[in-house]
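Notes follow the structure.
Protein chains: 2
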Amino acid sequence: MTVQELELGSETLLEGVMATIRQRIAGRVLTPGAKLPSIRAFANTMRVSKSTVVEAYERLVAEGVIRSKPGAGFFVAAPLAPLSLAEIGPRLDRAVDPLWVSRQALETGDSVLKPGCGWLPPSWMPETAIRRALKSASKLEASGLTDYGTPLGHRPLRQLLARRLGEHGVEASPDQIILTESGTQAIDLLCRFLIEPGDTVVVDDPCYFNFHALLRAHRAEVVSVPYTPSGPDLEKFAEVLATHRPRLYITNSGLHNPTSATLSPVVAHRLLKLAEQAGLTIVEDDIFADFEHTPAPRLAAFDGLERVVQIGSFSKTLSASIRCGFIAAPRGWIEGLVDLKIATTFGGPSLAAELVFAMLKDGSYRKHMEALRERLARSMNETAARLGEIGITPWIEPQAGMFLWCRLPDGIDAAEVAQKSLQQEIVLAPGNVFSHAGTANGFMRFNVSQCEDARLFKVLPAIMRQCVVGR
Amino acid sequence: MTVQELELGSETLLEGVMATIRQRIAGRVLTPGAKLPSIRAFANTMRVSKSTVVEAYERLVAEGVIRSKPGAGFFVAAPLAPLSLAEIGPRLDRAVDPLWVSRQALETGDSVLKPGCGWLPPSWMPETAIRRALKSASKLEASGLTDYGTPLGHRPLRQLLARRLGEHGVEASPDQIILTESGTQAIDLLCRFLIEPGDTVVVDDPCYFNFHALLRAHRAEVVSVPYTPSGPDLEKFAEVLATHRPRLYITNSGLHNPTSATLSPVVAHRLLKLAEQAGLTIVEDDIFADFEHTPAPRLAAFDGLERVVQIGSFSKTLSASIRCGFIAAPRGWIEGLVDLKIATTFGGPSLAAELVFAMLKDGSYRKHMEALRERLARSMNETAARLGEIGITPWIEPQAGMFLWCRLPDGIDAAEVAQKSLQQEIVLAPGNVFSHAGTANGFMRFNVSQCEDARLFKVLPAIMRQCVVGR
Numbered sequence: 001m002t003v004q005e006l007e008l009g010s011e012t013l014l015e016g017v018m019a020t021i022r023q024r025i026a027g028r029v030l031t032p033g034a035k036l037p038s039i040r041a042f043a044n045t046m047r048v049s050k051s052t053v054v055e056a057y058e059r060l061v062a063e064g065v066i067r068s069k070p071g072a073g074f075f076v077a078a079p080l081a082p083l084s085l086a087e088i089g090p091r092l093d094r095a096v097d098p099l100w101v102s103r104q105a106l107e108t109g110d111s112v113l114k115p116g117c118g119w120l121p122p123s124w125m126p127e128t129a130i131r132r133a134l135k136s137a138s139k140l141e142a143s144g145l146t147d148y149g150t151p152l153g154h155r156p157l158r159q160l161l162a163r164r165l166g167e168h169g170v171e172a173s174p175d176q177i178i179l180t181e182s183g184t185q186a187i188d189l190l191c192r193f194l195i196e197p198g199d200t201v202v203v204d205d206p207c208y209f210n211f212h213a214l215l216r217a218h219r220a221e222v223v224s225v226p227y228t229p230s231g232p233d234l235e236k237f238a239e240v241l242a243t244h245r246p247r248l249y250i251t252n253s254g255l256h257n258p259t260s261a262t263l264s265p266v267v268a269h270r271l272l273k274l275a276e277q278a279g280l281t282i283v284e285d286d287i288f289a290d291f292e293h294t295p296a297p298r299l300a301a302f303d304g305l306e307r308v309v310q311i312g313s314f315s316k317t318l319s320a321s322i323r324c325g326f327i328a329a330p331r332g333w334i335e336g337l338v339d340l341k342i343a344t345t346f347g348g349p350s351l352a353a354e355l356v357f358a359m360l361k362d363g364s365y366r367k368h369m370e371a372l373r374e375r376l377a378r379s380m381n382e383t384a385a386r387l388g389e390i391g392i393t394p395w396i397e398p399q400a401g402m403f404l405w406c407r408l409p410d411g412i413d414a415a416e417v418a419q420k421s422l423q424q425e426i427v428l429a430p431g432n433v434f435s436h437a438g439t440a441n442g443f444m445r446f447n448v449s450q451c452e453d454a455r456l457f458k459v460l461p462a463i464m465r466q467c468v469v470g471r
Numbered sequence: 001m002t003v004q005e006l007e008l009g010s011e012t013l014l015e016g017v018m019a020t021i022r023q024r025i026a027g028r029v030l031t032p033g034a035k036l037p038s039i040r041a042f043a044n045t046m047r048v049s050k051s052t053v054v055e056a057y058e059r060l061v062a063e064g065v066i067r068s069k070p071g072a073g074f075f076v077a078a079p080l081a082p083l084s085l086a087e088i089g090p091r092l093d094r095a096v097d098p099l100w101v102s103r104q105a106l107e108t109g110d111s112v113l114k115p116g117c118g119w120l121p122p123s124w125m126p127e128t129a130i131r132r133a134l135k136s137a138s139k140l141e142a143s144g145l146t147d148y149g150t151p152l153g154h155r156p157l158r159q160l161l162a163r164r165l166g167e168h169g170v171e172a173s174p175d176q177i178i179l180t181e182s183g184t185q186a187i188d189l190l191c192r193f194l195i196e197p198g199d200t201v202v203v204d205d206p207c208y209f210n211f212h213a214l215l216r217a218h219r220a221e222v223v224s225v226p227y228t229p230s231g232p233d234l235e236k237f238a239e240v241l242a243t244h245r246p247r248l249y250i251t252n253s254g255l256h257n258p259t260s261a262t263l264s265p266v267v268a269h270r271l272l273k274l275a276e277q278a279g280l281t282i283v284e285d286d287i288f289a290d291f292e293h294t295p296a297p298r299l300a301a302f303d304g305l306e307r308v309v310q311i312g313s314f315s316k317t318l319s320a321s322i323r324c325g326f327i328a329a330p331r332g333w334i335e336g337l338v339d340l341k342i343a344t345t346f347g348g349p350s351l352a353a354e355l356v357f358a359m360l361k362d363g364s365y366r367k368h369m370e371a372l373r374e375r376l377a378r379s380m381n382e383t384a385a386r387l388g389e390i391g392i393t394p395w396i397e398p399q400a401g402m403f404l405w406c407r408l409p410d411g412i413d414a415a416e417v418a419q420k421s422l423q424q425e426i427v428l429a430p431g432n433v434f435s436h437a438g439t440a441n442g443f444m445r446f447n448v449s450q451c452e453d454a455r456l457f458k459v460l461p462a463i464m465r466q467c468v469v470g471r
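Sequences listed follow chains A and B, in order.
Quick note, in UniProt numbering, the first sequence goes up one by one and the last residue is 471.
Quick note, in UniProt numbering, the second sequence goes up one by one and the last residue is 471.
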């Protein structure tokens with residue numbers, strides 16, 4: 001028995017080991033058929049004795065969660081294996097993984113504060129325009145109300161998007177634009193088209209946490225490059241290209257999530273030169289484009305949609321309930337992407353595209369965004385000030401957007417703060433869910449539009465005092 | 001030089017070889033990084049000389065479509081390689097592959113007849129109910145109009161679906177139901193959850209052609225089992241289980257697509273016993289459920305959602321423009337499926353679920369479906385009669401649904417008929433797009449709701465006369 005076992009009692013540890021395995025299966029870290037770690041290796045990882053791991057594996061076999069293949073080891077059973085799920089809901093005990101913030105933010109009710117979530121409160125969204133769009137949609141001709149979308153999707157919307165992309169310097173014809181069910185589905189479709197299981201993909205560190213979850217679903221190898229206030233660290237980027245020969249780089253260059261940093265022209269130019277030399281493809285997730293006061297450089301604009309593909313959506317600016325995103329891709333990709341889109345979603349957005357088009361086609365959208373940008377700027381200043389008072393300091397002063405990437409006072413564990421805050425109905429976004437390297441545990445992302453409730457600034461200081469590392 | 005080359009001229013053949021490779025890349029038969037056949041093997045396949053293949057490969061390298069790795073062979077370049085695409089539209093020259101019918105049916109305009117498509121004409125859909133639902137949606141509270149859906153999706157709709165599934169003998173609690181963007185996306189999500197690249201999946205022969213395309217996107221090995229008027233051929237099914245040890249079986253058991261056959265209780269029972277012995281998981285695609293007059297047995301009902309998962313959607317009965325489907329799954333799967341859904345689509349249907357719920361919650365849906373079933377029954381009889389007059393005979397007399405699976409007169413090549421019909425603006429569904437074994441080229445699927453135009457019965461006989469095999 002290890003010291004731990006003497007302290008905690010082996011039953012507790014045994015349950016801990018079993019829970020860890022169940023969670024890895026539920027979180028798809030271990031997929032059906034995957035081999036479990038050897039008894040010895042897992043005993044070391046968990047810092048328990050081998051006999052504890054043996055017992056845990058045997059009980060999980062009895063439960064049908066894993067299978068034992070004599071001589072070969074232990075394997076995750078087909079997902080028929082009951083993962084003993086109670087009710088879906090925010091689970092206080094869930095470990096902080098890439099999906100942690102998504103789950104908490106999507107699951108929790110309206111009483112909950114969500115400074116950690118990635119979208120605006122309903123009261124900030126263009127409610128009137130949406131209601132108007134729904135009323136006018138009720139007068140569409142029957143085919144628009146009942147038919148599948150065309151393979152590329154709603155042509156007038158694609159024409160409008162082509163013009164809007166042009167305003168950001170991205171030259172795309174409407175036939176280079178494919179409508180998708182969402183921005184996430186756009187990236188998912190591109191991953192299917194561009195990478196195979198085992199391919200290496202570069203992400204920023206920190207980056208949008210769902211990139212980690214999505215790439216895991218594609219069984220990709222992920223490497224990350226530190227992000228600076230003007231873009232990725234180019235020296236490190238070049239090293240990664242040389243060492244790992246990645247096929248793909250996924251980034252937000254408009255307003256970077258979570259840092260709200262913007263790409264500088266020189267970094268954009270050099271990054272593209274590196275990508276060209278290495279034959280690297282780039283997915284530029286530009287869903288925050290319309291939050292900018294003055295557009296920063298876009299990789300897709302510099303590159304002319306040759307090796308850079310751009311994606312966008314309307315979830316952050318119009319509605320996350322009306323599902324519609326898009327891909328602006330090199331001409332040569334369209335045929336293959338459309339086949340893949342039909343195979344995996346068949347229709348694509350149809351009514352949703354009609355609704356988005358109705359909201360974008362007149363001047364009301366520009367007015368809405370102007371008001372939104374001003375409101376966010378005010379909120380950004382206020383939130384930065386209030387966070388400063390409790391010792392939480394912004395990494396940079398963002399030019400625009402909704403996110404403040406902040407450093408916590410020294411020695412505070414962001415994950416622990418997030419866990420404890422959830423018990424008080426506050427959903428936070430701790431740094432390491434954004435960091436592949438796991439180096440951002442002293443950071444936290446705040447969505448300023450979700451930080452207006454005074455309760456946040458009462459509860460946070462108290463919780464932080466309980467979370468000093470090595471306390 | 002081969003005889004062919006002397007006849008056709010090597011330039012023509014060279015272009016043919018290059019076109020074949022481009023098409024395999026566009027169709028994802030060859031995915032990025034995939035190794036091309038050896039010069040010798042491909043020369044045999046194409047029945048051309050090795051020098052022609054060498055020349056073709058070299059030109060494609062020059063174009064950047066493929067790459068040469070000295071000593072290792074030729075490989076598909078990253079999809080940056082231009083596939084020289086003109087404009088997306090129905091292409092008369094496209095080979096009849098699993099996506100052929102989808103592409104033609106989704107792409108073509110209203111002037112085109114679509115007996116080959118898989119959905120009802122707009123005039124058959126509940127237009128008034130959709131307009132009413134849109135108007136009432138315009139009065140929803142802001143969060144319903146702007147927020148992402150919850151991880152499982154719209155609870156009242158899930159409760160309603162649980163009751164409706166119960167009416168078909170499928171016992172599922174609302175917490176075992178996950179809303180998805182569509183029926184196709186539901187199956188896609190399940191494939192991601194249940195299979196890994198290289199896993200073997202069983203499908204019916206014939207089966208819904210998009211299963212082939214979807215499984216190709218998942219890099220699965222497909223084996224097929226002949227379908228009989230009462231379900232899959234159990235003897236063959238048992239052989240396949242023994243020989244190929246598949247992980248998954250995907251089928252429509254309610255009304256089978258394309259045959260409109262229904263599962264008999266004894267076949268359902270025996271099939272499940274075989275599945276249990278082999279540890280096989282089954283995805284039961286039940287999107288045609290509401291077209292039945294009297295419900296046939298459901299695998300999910302017999303099984304009690306242990307190894308059978310059921311999916312459904314409203315694209316065929318309410319609207320294909322309002323994207324919403326669902327999964328009814330074993331409890332133990334929900335947690336993992338939800339994580340995967342968030343990773344790959346984030347939100348899931350939100351407004352779409354509100355609209356579907358508005359249309360399902362009152363009695364109007366049942367009235368609509370009653371009328372639809374009667375109209376389809378009449379149309380089924382008329383179409384069968386008119387097809388009979390031109391020598392096209394139904395395989396079975398379906399109890400319900402929209403599909404007639406028909407045998408063409410002896411010696412007629414269905415793919416050729418479909419190709420020629422497209423030139424006359426008629427989209428047909430030739431048998432082999434449904435057949436993994438490629439044994440259905442004498443068959444064709446007719447959607448009776450799309451066969452009311454007399455032009456079809458004038459044009460078809462003329463075309464069939466041109467398409468006698470070996471003419």
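Glycine is no exception: its CB is placed at the ideal position from the N, C-alpha and C atoms.
Predicted model only: the values in this text are computed from it and were never measured.
By the neighbour-count criterion, in which a residue is buried when 16 or more other Cβ atoms sit within 10 angstroms of its Cβ, Gly166(A) is exposed. Look at the beta carbons and you see the stretch 258-268 of chain A touching the stretch 223-232 of chain A: at least three pairs across the two are nearer than 8 Å.
Arg331, Gly332, Trp333, Ile334, Glu335, Gly336, Leu337, Val338, Asp339, Leu340, Ile342, Ala343, Thr344, Thr345, Phe346, Gly347, Gly348, Pro349, Ser350, Leu351 and Ala352: these are the residues of the stretch 331-352 of chain B whose beta carbon lies less than 9 Å from some beta carbon of chain A, given in chain order.
Interface with chain B (8 Å Cβ-Cβ cutoff): Lys135(A) is included. Assigned with DSSP and collapsed to three states, Asp147(B) falls in coil, not helix or strand. Contact check for Leu179(B) and Leu157(B): beta-carbon distance about 7 Å, within the 8 Å limit, so the pair qualifies. Taking a Cβ-Cβ threshold of 8 Å, the residues of chain B close to Met125(A) are Ala142, Leu145 and Thr146, in chain order. Contact note: Asn210(B) reaches chain A through Ala343 and Phe346, using a C-beta cutoff of 7 Å and chain order. Here the stretch 127-134 of chain B does not lie against the stretch 292-308 of chain A, with fewer than 3 beta-carbon pairs under 8 Å apart. The residue among Ala34(A), Val65(A) and Asp147(A) with its C-alpha nearest the C-alpha of Ala19(A) is Val65(A). DSSP, read as helix, strand or coil, puts Phe288(B) in coil.
Beyond the five residues adjoining it in sequence on each side, Arg59(B) comes within less than 7 Å, by CB distance, of Met18 in the same chain, given in chain order.
Three or more Cβ pairs drawn from the stretch 216-224 of chain B and the stretch 196-205 of chain B lie within less than 8 Å of each other, which places the two stretches in contact. In terms of beta-carbon proximity, Pro197(B) lines the interface with chain A, with at least one pair separated by less than 8 Å. For His212(A) and Phe75(A), the gap between their C-alpha atoms comes out near 24 Å. By the criterion of a C-beta distance shorter than 7 Å, Lys69(A) is surrounded in its chain by Phe75, once the five residues flanking it on both sides are discounted.
When Ile282(A), Ser49(A) and Lys420(A) are compared, the shortest CA-CA separation from Val468(A) is found for Lys420(A). Note that the C-beta distance between Phe288(A) and Gly254(A) is below 8 Å. Note on geometry: alpha-carbon atoms of Val417(B) and Pro430(B) lie some 8 Å from one another. Taking a C-beta distance under 8 Å as the contact criterion, Ala275(A) and Thr344(B) do not qualify as a contact pair. The C-beta of Thr12(A) has fewer than 16 other C-beta atoms within 10 Å across all chains shown, which makes the residue exposed.
Shown in chain order are the members of the stretch 177-191 of chain A whose Cβ falls below 7 Å from a Cβ of chain B: Glu181, Ser182, Thr184, Gln185 and Asp188. Residues of the stretch 220-239 of chain A with a Cβ closer than 9 Å to any Cβ of chain B: none. Distance from the CA atom of Glu397(B) to the CA atom of Ile311(B), rounded to whole angstroms, is 26 Å.
Around the beta carbon of Glu15(B), fewer than 16 other beta carbons lie within 10 angstroms, which makes this residue exposed.
Proximity of Ser68(A) to chain B, defined by a Cβ-Cβ separation below 8 Å, is not satisfied. For Ala26(A), the neighbours in chain B by C-beta distance under 8 Å run, in chain order, Glu335, Gly336 and Asp339. Taking a cut-off of 8 Å for Cβ pairs, the stretch 100-107 of chain B and the stretch 142-154 of chain A touch, as three or more such pairs fall below it. In the DSSP assignment, Glu221(A) falls within the beta strand (DSSP E) that extends over Glu221 to Thr228.
Looking at the DSSP output, Ile178(A) sits in a beta bridge with Ile327(A). Listed along the chain, the chain A residues whose CB falls inside 7 Å of the CB of Glu107(B) are Thr150 and Pro151.
When C-alpha distances from Arg373(B) are compared across Leu351(B), Glu292(B) and Val427(B), the shortest belongs to Glu292(B). Interface annotation for the stretch 30-62 of chain B against chain A: Thr31, Pro32 and Gly33, criterion Cβ-Cβ distance under 8 Å.
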